[in-house]
Amino acid sequence: MDEEYEVIVLGTGLKECILSGLLSVDGVKVLHMDRNDYYGGESTSLNLNQLWKKFRGEEKAPEHLGASRDYNVDMMPKFMMGNGNLVRTLIHTDVTKYLSFKAVDGSYVFVKGKVQKVPVTPMEAMKSNLMGIFEKRRAGKFFGYVQDYDEKEPKTHNGMDLTKLTTKELIASMRNLLPVSKEALHIFILSMGWENYL
Numbered sequence: 061m062d063e064e065y066e067v068i069v070l071g072t073g074l075k076e077c078i079l080s081g082l083l084s085v086d087g088v089k090v091l092h093m094d095r096n097d098y099y100g101g102e103s104t105s106l107n108l109n110q111l112w113k114k115f116r117g118e119e120k121a122p123e124h125l126g127a128s129r130d131y132n133v134d135m136m137p138k139f140m141m142g143n144g145n146l147v148r149t150l151i152h153t154d155v156t157k158y159l160s161f162k163a164v165d166g167s168y169v170f171v172k173g174k175v176q177k178v179p180v181t182p183m184e185a186m187k188s189n190l191m192g193i194f195e196k197r198r199a200g201k202f203f204g205y206v207q208d209y210d211e212k213e214p215k216t217h218n219g220m221d222l223t224k225l226t227t228k229e230l231i232a233s234m235r236n237l238l239p240v241s242k243e244a245l246h247i248f249i250l251s252m253g254w255e256n257y258l
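89 is the number that this note's numbering gives to position 29 of the sequence shown; each next residue is one higher, with no gaps.
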């Protein structure tokens, strides 16, 4: 560490990594450091032993839970829409060489003492314990709306232009316009990590 640097970035959260990447792409000599023994700051993903140490204060998780490396638990939701400014920034900074992207297999919430899958189809809604019978029917209609939505076909929009609404406006519109119960909408919002919009 005898070298000289123009900028020192502390922390390896998403903001710090993007800043470090942008500066590096512009030819700035950057030293990027983190006090933790893992990368990602508040948005990191931890294996089982790291998770156990962070929340239980113990070095290792019980063996009956399986191999630590088989776990990858996100400390916060990391959903990124397929096209947008964040994706363009990540491509520009070349950090995509060090990231892997994957379609979401499912969203889960911790409700009533257990982890439950957030339904995403009418059939899953009918089987879900997260909603009552009337909410299941409304959720099925909502999923139908989402599946039938066609950007080029205004009659499928139900009066909403999803290309112009902010997330906050969309959620307010869904509360008023779509046949979705408050409970079903609340579960969806939590699963997306949008608690600030409730």
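Every residue gets a Cβ at the ideal spot worked out from N, C-alpha and C, and that includes glycine.
Could you pull out every residue in the same chain whose Cβ sits closer than 8 Å to the Cβ of residue i, ignoring the five residues on either side in sequence?
i: Met135; result: Gly100, Glu102, Ser103, Thr104, Ser105 and Leu106
With C-beta atoms as the reference, is residue i less than 9 Å away from residue j?
i: Leu82; j: Thr149; result: yes
i: Ala185; j: Ala199; result: yes
i: Val85; j: Thr153; result: yes
i: Val171; j: Leu146; result: no
i: Asp270; j: Thr72; result: For residue 270 there is no data in the structure shown, the boundaries of the chain being 61 and 258.
i: Tyr131; j: Leu108; result: yes
Which same chain residues end up closer than 7 Å to residue i when comparing Cβ atoms and leaving out the 5 residues on each side of it in sequence?
i: Trp112; result: Glu118, Lys120 and Ala121
i: Val133; result: Ser105, Leu106 and Leu111
i: Val67; result: Leu83, Val88 and Val90
i: Ile78; result: Thr149 and Thr153
i: Ser80; result: Val69, Val90 and His92
i: Leu125; result: Leu108
i: Thr216; result: Asp208, Tyr209 and Asp210
Excluding the five sequence neighbours on either side, which residues of its own chain have a C-beta within less than 6 Å of the C-beta of residue i, listed in chain order?
i: Ile151; result: none
i: Met175; result: Here the sequence assigns Val to residue 175, which means Met is not the residue at that position. If we look at Val175 and ignore the five residues flanking it on each side, its Cβ neighbours are Tyr168.
i: Lys196; result: Ala185 and Met186
i: Leu74; result: Ser103
i: Ser261; result: Absent from the structure is residue 261, since the part of the chain shown begins at 61 and ends at 258.
i: Tyr65; result: Lys89 and Leu91
With a cut-off of 8 Å on the beta carbons, I'd call residue i and residue j a contact; round off their distance for me.
i: Val69; j: Glu63; result: The Cβ separation is near 15 Å, so there is no contact.
i: Thr223; j: Glu213; result: Rounded, the Cβ-Cβ distance is 13 Å, inconsistent with contact.
Comparing C-alpha positions only, which one of the options sits nearest to residue i?
i: Asn165; options: Arg197, Glu229, Leu225 and Phe139; result: As written in the sequence, residue 165 is Asp, which differs from the Asn given in the question. Of the listed residues, the one whose Cα sits closest to Asp165 is Phe139.
(message) Using a Cβ distance threshold of 8 Å, determine whether the stretch 113–129 contacts the stretch 84–95, with at least three qualifying pairs required.
(response) no
(request) Decide yes or no for the touch test of the stretch 180–191 against the stretch 202–221: beta carbon pairs closer than 8 Å, at least 3 of them. (result) yes
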